[in-house]
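For the sequence shown, the positions run -40 to -1, 1 to 314 when mature numbering (1 follows the signal peptide of the UniProt record, and there is no 0) is used.
Input: a single structure, listed below in structure tokens.
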Amino acid sequence: MTARTTARRLARRPIALGASAVAATLLLAGCVAGEGEAQAAPEDGTTAEGWSADTLTLDFATYNPLSLVIKDQGWIESTLGDDVTVEWVQSAGSNKANEALRAGAVDVGSTAGSAALLARSNGSPIRTIDVYSQPEWAALVVPEGSDITDVADLAGRSVAATKGTDPYFFLLQALDEAGVDPADVEVQNLQHADGKAALENGSVDAWSGLDPLMAASEAEAGSTLLYRNVDFNTYGFLNATQDFLDASPDLAQVVVDAYEKARAWAQENPDEVVSILAEVAGIDPAVAETVITERTTLDIDPVPGDAQRAVLEVVGPIFVESGDVASQDLVDAALDELFEPTYAEAADPSTIAG
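Structure, rendered in structure tokens:
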């Protein structure tokens, strides 16, 4: 019997071990006694199939195309069967996903890397268990006919941005690079869709935008991208609460396995991903195609590690300078604690039904 087979059997048993503890058990035990025997009905509140909980709550978001694929295909529901109810909650932005994670409204939520670090730095006990994309999803946007031609022109102007998200930190990095004091810019803290509306109706001079809303504004309202910089975009992080990981490592592994199945499927079926995004986001397929084919990289290593830390080490001091985090020590501690790579390292898409 292989170690992976043993891992899957252990994951389905009604135990509450962390992923690292499961791995240690494998090394010591080698194989499970009684393999192939019928399981007795559990008496500890676990499901009949041995899953650690009877409900799994996940987010989906238009900025996370893999979540849309998984929800559309129903793979997690098929894998868990009737004994686990899968609930889906839409996240309108990384800040909303972080709020849901902190409140326990979702077990697993998708954010930008910067937002995950911000939340962890401010005491939210989340862990990043998978990296779902490397997007260019944020840029500075101005309306059609604007007299703003470079970032320096934003001094004395109003800019919409959603605090606690990648576009907000994109704005701060762009201002710093251009030598503009953020205090000289009127930042209107609006949710992404509201920022788009404010840009298009003239309520603000610029918007630090997020796809697919940004691509839609370009196509439908003639908005233009004032400034792009892929290096100012942090990765897409899949995060789970520590309580969830402690109680349900089996379900966490199923989620990560499903994400890795979706990653391969999305790369093989880009046209279908475009259609799914267009339908969920209510945008033209041509706009969705721009987002998926031009501004989203899915072919990456899903294990959170050095590449993501390097990006966040640049963003972290901005948190402190902007007052979003009280000290650099808190940022450094969060960087040391945020990543939980064992789930992505053990990912096996073949375990997912469908």
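No residue lacks a Cβ here, since even glycine has one placed at the ideal position from N, Cα and C.
Does DSSP put residue i in a helix, a strand or coil?
i: A72; result: strand
i: V101; result: strand
i: L(-15); result: Because L(-15) carries a pLDDT of 32, less than 50, the predicted location of this residue cannot be relied on, and the following value inherits that uncertainty. If DSSP states are grouped into helix, strand and coil, L(-15) belongs with the helices.
i: T257; result: strand
i: G276; result: helix
i: D284; result: coil
i: A313; result: coil
i: I108; result: coil
i: A115; result: coil
i: D191; result: helix
i: A207; result: helix
i: S81; result: helix
i: residue 344; result: An answer regarding residue 344 cannot be provided, because it is not within the stretch -40 to 314 covered by the chain.
i: V66; result: coil
i: W11; result: coil
i: Q(-2); result: With a pLDDT of 34 at Q(-2), under the threshold of 50, the modelled position of this residue cannot be trusted; read the value that follows with caution. Q(-2): coil per DSSP, three-state reduction.
In the DSSP assignment, find the beta strand (DSSP E) that holds residue i and state where it starts and stops.
i: Y92; result: I86 to P95
i: G196; result: G196 to T201
Could you check the C-alpha separation between residue i and residue j for me, to the nearest Å?
i: V91; j: Y303; result: 11 Å
i: S183; j: F192; result: 21 Å
i: P95; j: G169; result: 13 Å
i: P301; j: L173; result: 31 Å
i: A294; j: L16; result: 26 Å
i: D210; j: T311; result: 12 Å
i: D19; j: Q50; result: 5 Å
i: A157; j: D113; result: 21 Å
i: A241; j: A153; result: 11 Å
i: S54; j: P103; result: 24 Å
i: I86; j: G105; result: 43 Å
i: D296; j: V275; result: 15 Å
i: A76; j: D203; result: 16 Å
i: Q227; j: G116; result: 43 Å
i: D144; j: D32; result: 45 Å
i: R223; j: A212; result: 17 Å
i: A99; j: D43; result: 43 Å
i: A175; j: G10; result: 45 Å
i: V215; j: I36; result: 7 Å
Tell me, please, which residues DSSP counts as bridged to residue i.
i: E47; result: T17
i: N24; result: A21
i: F299; result: T88
In the DSSP assignment, the alpha helix (DSSP H) including residue i goes from what residue to what residue?
i: S118; result: Segment S118 to A121 is the beta strand (DSSP E) holding S118; no alpha helix (DSSP H) there.
i: S38; result: W35 to L40
i: L237; result: P230 to A241
i: V58; result: One detail in the question is off: residue 58 reads as Asn in this sequence, not Val. Segment S54 to A63, the alpha helix (DSSP H) holding N58.
i: V247; result: P245 to E249
Determine whether the Cβ of residue i lies closer than 7 Å to any Cβ atom of chain D.
i: A75; result: The displayed structure is made up of one protein chain only, and chain D is not part of it.
**OP:** Ignoring anything shorter than 3 residues or poking outside the stretch 125 to 188, list the beta strand (DSSP E) runs there in chain order.
**Re:** 146 to 149, 166 to 170 and 184 to 187
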